[in-house]
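Undergrad:
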Amino acid sequence: MMKSYRNAVWFSESERMPITNITSDVRECLVESGIKEGLVLINAMHITASVFINDDESGLHHDYKKWLEAMAPHEPVNSYRHNDTGEDNADAHIKRQIMGREVVVAVTAGKLDFGPWEQIFYGEFDGRRKKRVLVKVIGE
Amino acid sequence: MMKSYRNAVWFSESERMPITNITSDVRECLVESGIKEGLVLINAMHITASVFINDDESGLHHDYKKWLEAMAPHEPVNSYRHNDTGEDNADAHIKRQIMGREVVVAVTAGKLDFGPWEQIFYGEFDGRRKKRVLVKVIGE
Amino acid sequence: MMKSYRNAVWFSESERMPITNITSDVRECLVESGIKEGLVLINAMHITASVFINDDESGLHHDYKKWLEAMAPHEPVNSYRHNDTGEDNADAHIKRQIMGREVVVAVTAGKLDFGPWEQIFYGEFDGRRKKRVLVKVIGE
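Below is the structure:
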């Protein structure tokens, strides 16, 4: 019989462009779901943020932020038409597209079916927004 | 019992780089599927196009197009080896990789399980192609 | 009744930034799974590599590599803080984020539900790593 599970995980951050390891939060959801074989979707519920999988290494996270800022600079704020609406976060909407909205991970024998270094991160590019990640598991 | 649903949604556009809100098309598919809990995959069936989730704000869409053109300019056409084949759309194949091929969205209580501003878009970067999006729902 | 299938496909490459067509490997997994309707997830198990869908055209693959190198150059190696750890592959971690970790493909009537030109590729951006791709199918 197919089962499904849904949880919206909230958390808070103090930095402007935080990258937060949420792997253990997702693991807790998976245990709670009781699902052994299936797929888990983890997505940002905010459109200036990304969920992505990579290495838990602070130098790399520094490199990502520096590189994203070079690709889509926050300033000058008035170089983006989106910011004519009164927002100043057009760059964050672009950064999120580069890094992606979501990841889908295989669930095998009740575990995240990961390679040796894979960890799940929430990256927020406009730090004043609330942080909420959706975890949806389907399988059996 | 697991159910599945499949629909290929066609639509047409007049611009060269249109960004079209397809959220209501996907919602119609979801209702038609009768699936209440599961996942829905929405993907471009063309390799110069993207399906992505972000804000329905025309200034932002302008910013995306301008930024994508700066990242992977259409011209000079002969700077890309792909265009030696007689095509002139190498830049569109690159733009599509930045913006992504597909999104996967949770289905909860028969609805798209979205944050407050999430909307689904089809972005075509080589406007002469036909526009077709695949919607596949699995769940129960 | 929901079924699931899992296989980790290994392969080897000699180039530094190989792009390998793995569509037939995925098709073999799908046949082996016996699943007719559902979703298949195909993801890199390494964090300097991507699985993506695009055209099987060698000029385009050349364009991707040249463009990725311009976006996130390998050298100077010491311009990345990640490389202070003794690695020299920070650029590969960035390239992988641009091209994506995974694809999700619809399974319809026992086949990959593809548009006319869609093919699945494994792109490795730090060629010294082992190449392993996870294929997970769920459905019935």
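Quick note, the sequences are listed as chains A, B and C, same order. For the first sequence, position 16 (counting from the first letter as 1) is numbered 16 according to the working numbering, and the numbering increases by one without interruption. If you count the second sequence from 1, you need to add 140 to reach the working numbering. If you count the third sequence from 1, you need to add 280 to reach the working numbering. Think of the CB as a built atom: it goes at the ideal place given N, C-alpha and C, for glycine as much as any other residue. On a predicted model such as this, the values are computed, not experimentally measured, just so you know.
How is the alpha helix (DSSP H) around A:VAL26 delimited, first residue to last?
TA: Along the first sequence, one-based indexing puts residue 26 of chain A at 26. From DSSP, the alpha helix (DSSP H) with A:VAL26 extends over 23-33.
Undergrad: Specify, as a first and last residue, the run of the alpha helix (DSSP H) that A:GLU69 falls within.
TA: Counted from its first residue, the first sequence places residue 69 of chain A at position 69. Per DSSP, A:GLU69 belongs to the alpha helix (DSSP H) from 58-71.
Undergrad: I'd like the span of the alpha helix (DSSP H) that includes C:GLY378, first residue to last.
TA: Working through the third sequence from its first residue, we reach residue 378 of chain C at position 98. Per the sequence shown, the amino acid found at residue 378 of chain C is Ile instead of Gly. C:ILE378 -> alpha helix (DSSP H) spans 370-379.
Undergrad: Using alpha carbons as the reference points, say which of A:SER12, A:CYS29, A:HIS46, A:LYS3 lies closest to B:PHE254.
TA: The sequence position of residue 254 of chain B within the second sequence is 114, counting from 1. Looking at the Cα atoms, A:HIS46 is the closest of the given residues.
Undergrad: When the Cα atoms are used, what is the spatial distance from A:VAL137 to B:SER144?
TA: Locating residue 137 of chain A in the first sequence gives position 137, where the first residue counts as 1. Locating residue 144 of chain B in the second sequence gives position 4, where the first residue counts as 1. Our two residues, A:VAL137 and B:SER144, have alpha carbons roughly 16 Å apart in a direct line.
Undergrad: Take B:LYS271 and list the residues in its own chain whose beta-carbon comes closer than 7 Å to its own, dropping the five residues that flank it on each side.
TA: Within the second sequence, residue 271 of chain B is the residue found at index 131, counting from 1. So the list reads TRP150, PHE151, SER152, GLU153, TYR262, GLU264, once near-sequence residues are dropped.
Undergrad: Taking the straight line between their C-alpha atoms, what separation do you get for C:ASP371 and A:TRP67?
TA: In the third sequence, the residue the question calls residue 371 of chain C occupies position 91. In the first sequence, the residue the question calls residue 67 of chain A occupies position 67. Each residue's alpha carbon lies about 10 Å from the other.
Undergrad: Which residues in the same chain as B:SER173 place their Cβ atom closer than 6 Å to its Cβ, once the five residues preceding and following it in sequence are excluded?
TA: Start at 1 with the first residue of the second sequence, and residue 173 of chain B comes out as number 33. The residues are TYR145, VAL277.
Undergrad: To the nearest angstrom, report how far apart C:PRO298 and B:HIS222 are at their CA atoms.
TA: As a first step, residue 298 of chain C is located in the third sequence; it is residue number 18 there, counting from the start. As a first step, residue 222 of chain B is located in the second sequence; it is residue number 82 there, counting from the start. The alpha-carbon atoms of C:PRO298 and B:HIS222 are separated by roughly 17 Å.
Undergrad: Does A:MET99 come within less than 7 Å of chain F when only Cβ atoms are used?
TA: The structure shown contains no chain F; its protein chains are A, B and C.
Undergrad: Counting pairs of beta carbons, one from the segment 103-120 of chain A and one from the segment 52-68 of chain A, are three or more of them closer than 8 Å?
TA: yes
Undergrad: In the DSSP output, which residue or residues are listed as bridge partners for B:PHE151?
TA: Reading the second sequence from its first residue, position 11 is the one you call residue 151 of chain B. In the DSSP output, where bridge partners are listed per residue, B:PHE151 has B:LYS271.
Undergrad: Less than 7 Å between the beta carbons of C:GLY407 and C:SER330, yes or no?
TA: Numbered from 1 along the third sequence, position 127 holds the residue referred to as residue 407 of chain C. Numbered from 1 along the third sequence, position 50 holds the residue referred to as residue 330 of chain C. No, Cβ-Cβ distance for C:GLY407 and C:SER330 is not below 7 Å.
Undergrad: Going by C-alpha distance, which of A:ALA70, A:ILE35, A:ALA8 is nearest A:ILE42?
TA: Counted from its first residue, the first sequence places residue 42 of chain A at position 42. Checked all of A:ALA70, A:ILE35, A:ALA8; the closest Cα to A:ILE42 is A:ALA8.
Undergrad: Considering only C-alpha positions, which residue in the set A:ALA70, A:GLU69, A:MET71, A:ASN89 is nearest to A:ASN78?
TA: As a first step, residue 78 of chain A is located in the first sequence; it is residue number 78 there, counting from the start. Answer by Cα proximity: A:ASN89.
Undergrad: Output needed in chain order: residues of the segment 360-373 of chain C with a Cβ under 7 Å from some Cβ in chain A.
TA: Within the segment 360-373 of chain C, the residues whose Cβ lies closer than 7 Å to some Cβ of chain A are TYR360, ARG361, HIS362, ASP364, THR365, ALA370, HIS373, listed in chain order.
Undergrad: Starting from C:ALA324 and walking both ways along the beta strand (DSSP E), at which residues does that stretch end?
TA: Taking the first residue of the third sequence as position 1, residue 324 of chain C is located at position 44. That run of the beta strand (DSSP E) goes 318-324.
Undergrad: Does any residue of chain C have a CB that is nearer than 7 Å to the CB of A:MET17?
TA: Position 17 of the first sequence, counting from 1, holds the residue named residue 17 of chain A. No, A:MET17 lies away from the interface with chain C (no Cβ there is under 7 Å from its Cβ).
Undergrad: Under DSSP, the beta strand (DSSP E) around C:THR388 begins and ends at which residues?
TA: Position 108 of the third sequence, counted from the first residue, corresponds to residue 388 of chain C. Looking at the DSSP string, the run of the beta strand (DSSP E) that includes C:THR388 is 382-388.
Undergrad: Could you pull the start and end residues of the beta strand (DSSP E) that C:ILE400 belongs to?
TA: As a first step, residue 400 of chain C must be located in the third sequence, where it is residue number 120. Its beta strand (DSSP E) spans residues 399-404.
Undergrad: Can you tell me whether DSSP reads B:ARG156 as helix, strand or coil?
TA: As a working note, residue 156 of chain B is residue 16 in the second sequence. Note: B:ARG156 maps to coil in three-state DSSP.
Undergrad: C:ILE378 and B:ILE175 look like a contact to me (Cβ under 8 Å); what is the Cβ gap, rounded to whole Å?
TA: Translated into positions along the third sequence, residue 378 of chain C becomes position 98. Translated into positions along the second sequence, residue 175 of chain B becomes position 35. Actually they are not in contact, since the Cβ atoms of C:ILE378 and B:ILE175 sit about 33 Å apart, beyond 8 Å.
Undergrad: Since C:GLU295 contacts C:VAL387 with CB under 8 Å, what's their CB separation in whole angstroms?
TA: On the third sequence, position 15 is the one that residue 295 of chain C refers to. On the third sequence, position 107 is the one that residue 387 of chain C refers to. Contact between C:GLU295 and C:VAL387 is ruled out by a C-beta separation of about 31 Å, above the 8 Å threshold.
Undergrad: Applying the 10 Å Cβ sphere with the 16-neighbour rule, what's the burial state of B:LYS235?
TA: Mapped onto the second sequence, residue 235 of chain B falls at position 95. Buried, by the Cβ-count rule.
Undergrad: Cα separation between C:THR303 and C:VAL385?
TA: By 1-based counting over the third sequence, the position of residue 303 of chain C is 23. By 1-based counting over the third sequence, the position of residue 385 of chain C is 105. Taking the straight line joining both Cα atoms gives about 11 Å.
Undergrad: Residues in its own chain within less than 8 Å of A:ASN21 by CB, not counting five upstream and five downstream?
TA: As a first step, residue 21 of chain A must be located in the first sequence, where it is residue number 21. Apart from sequence neighbours up to five positions away, the residues of its chain that approach A:ASN21 with a beta-carbon distance below 8 Å are ASP56, GLN119, ILE120, PHE121, ordered along the chain.
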